[in-house]
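Residue numbers (our numbering): 1027 to 1349. Note that beta-carbon positions come from the ideal geometry of N, C-alpha and C, so glycine has one too. Quick caveat, the model's predicted, so the values are computed rather than measured.
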């Protein structure tokens, strides 16, 4: 038995070396229970007609070998002096380098929730993301009713089964009627999202607890809406650790529940998952805010009406991370 294990060790070592060099890209996120002998085809996540670019091809040319050779063969090739981080922009599908993930975020622009009509969404309010605080009628509160029995939302996001993506309806317009939307005007220049985003808002709920779901959406000129990233927050777990938080990146320890007083204005800081995504000129950035994300998360068994406040006293805003 010992001899058998020793004899197999070189094979295992060679296999480990090969796996260490394999770049992680979207081709790895595919079903693994296919019959033996069947050709493995890259999963394009619904983009089968587009040629493979960026992440589908793996790391930049020579990058994976440059990392492996100093470790495996002791070759000094200067890789240790290059930027420690390489990240992929999911919007323009390009690779970038940085010292660290935190250093990627250079700016923190703020977009304020406004009741001004954008004319682009079929949601309950069709609001706007504005560069200034809303005034007058644009600062009036908006509401929606959360019903846990209303059905499921678009099921695929960052937690979804990637192998199913080519066959799933991903257009976020299907979910617009079930929540509130806030959309920017048409972008005149590229918007380079990079890093975490914070949704800081004030709300009133008629329930003893409530779930908040926020999504960032890339709206194309033809109106199609593709999700960029998302965040979740339960009202009773809204406590933020100020020592570990920074502007645009709240840290929520989720270690204890706080009471939710029905009818009271409460401040929330939602941590929206970090992303690197470029929105092209002619596109729009949209925030979708609701309380249901089934089947990704089990719906809370409470129903109630929710009011979102956005005025000079309660300046609800989206704090972006951009490069």
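Is it true that the CB of residue 1222 sits closer than 7 angstroms to the CB of residue 1275?
Contact flag set, yes.
Based on DSSP bridge pairs, tell me the residues matched to residue 1143.
The beta-bridge partner set that DSSP reports for residue 1143 is empty.
Under three-state DSSP, which class holds residue 1288?
Three-state result, residue 1288: coil.
Roughly how many whole angstroms lie between the Cα atoms of residue 1130 and residue 1348?
When rounded, the distance between both Cα atoms is 8 angstroms.
Where does residue 1173 land, buried or exposed, given buried means 16+ other C-beta within 10 angstroms?
With fewer than 16 other CB atoms across the displayed protein chains lying within 10 angstroms of its CB, residue 1173 is exposed.
Could you give the distance in angstroms between the alpha-carbon of residue 1313 and the alpha-carbon of residue 1107?
One C-alpha to the other measures close to 40 angstroms.
Which class does residue 1300 belong to by DSSP, given the choice of helix, strand or coil?
In the three-state scheme derived from DSSP, where H, G and I count as helix and E and B as strand, residue 1300 is classed as strand.
With burial defined as no fewer than 16 other Cβ atoms inside 10 Å of the residue's Cβ, what is the status of residue 1256: buried or exposed?
Counting Cβ neighbours within 10 Å, residue 1256 comes out buried, since at least 16 surround it.
Per DSSP, residue 1155 forms a beta bridge with which residues?
According to DSSP, which records beta bridges pairwise, residue 1155 is partnered with 1139.
From the DSSP secondary-structure annotation, give me the bridge partner or partners of residue 1226.
Residue 1226 pairs with 1295 and 1343.
Contacts around residue 1285, its chain only, beta-carbon distance under 8 angstroms, and the 5 residues preceding and following it disregarded
The answer, listed in chain order, is 1262.
Alpha helix (DSSP H) containing residue 1129: first to last residue?
It spans 1127-1130 - the alpha helix (DSSP H) in which residue 1129 sits, taken as one unbroken run.
At a cut-off of 6 angstroms, would you count residue 1202 as near the ligand GDP, judging by its Cβ distance to the nearest heavy atom?
For the structure depicted, the ligand GDP is absent and the ligand set is empty, with no information on it obtainable.
Using a 10 Å radius around the Cβ and a threshold of 16 neighbouring Cβ atoms, would you call residue 1227 buried or exposed?
Its Cβ being crowded by 16 or more others within 10 Å, residue 1227 is buried.
What did DSSP end up calling residue 1250 once you bin it into helix, strand or coil?
When DSSP states are grouped into helix, strand and coil, residue 1250 belongs to the coil group.
Short check: CB of residue 1237 to CB of residue 1317, under 7 angstroms?
Contact: yes.
Can residue 1139 and residue 1208 be called in contact, C-beta distance under 7 angstroms?
Going by C-beta atoms, residue 1139 is nearer than 7 angstroms to residue 1208.
Can we say the stretch 1135-1155 touches the stretch 1197-1215, given the rule of at least three CB pairs closer than 8 angstroms?
As far as the Cβ criterion goes, the stretch 1135-1155 touches the stretch 1197-1215, which means the pair count is three or higher.
For residue 1211, the nearest candidate out of 1234, 1152 and 1165 (CA to CA)
Taking only the C-alpha atoms, the option nearest residue 1211 is 1152.
Classify residue 1334 as helix, strand or coil using the three-state DSSP reduction.
Judged by DSSP in its simplified three-state form, residue 1334 adopts strand.
Excluding the 5 residues flanking residue 1299 on each side, which residues of the same chain have their C-beta closer than 7 angstroms to its C-beta?
For residue 1299, where only same-chain residues beyond five positions count, the Cβ hits under 7 angstroms are 1184, 1255, 1256 and 1257.
Determine the closest residue to residue 1278 out of 1267, 1234 and 1336, with distance taken between C-alpha atoms.
Put simply, of 1267, 1234 and 1336 the residue whose alpha carbon is nearest the alpha carbon of residue 1278 is 1267.
Leaving out the 5 sequence neighbours to the left and right, which residues in its chain are closer than 7 angstroms to residue 1343 when beta-carbon positions are compared?
Once the five neighbours on either side are set aside, the close Cβ partners of residue 1343 are 1136, 1137, 1138, 1139 and 1226.
Rounded to the nearest angstrom, what separates residue 1122 and residue 1218 at their Cα positions?
The alpha-carbon atoms of residue 1122 and residue 1218 are separated by roughly 12 angstroms.
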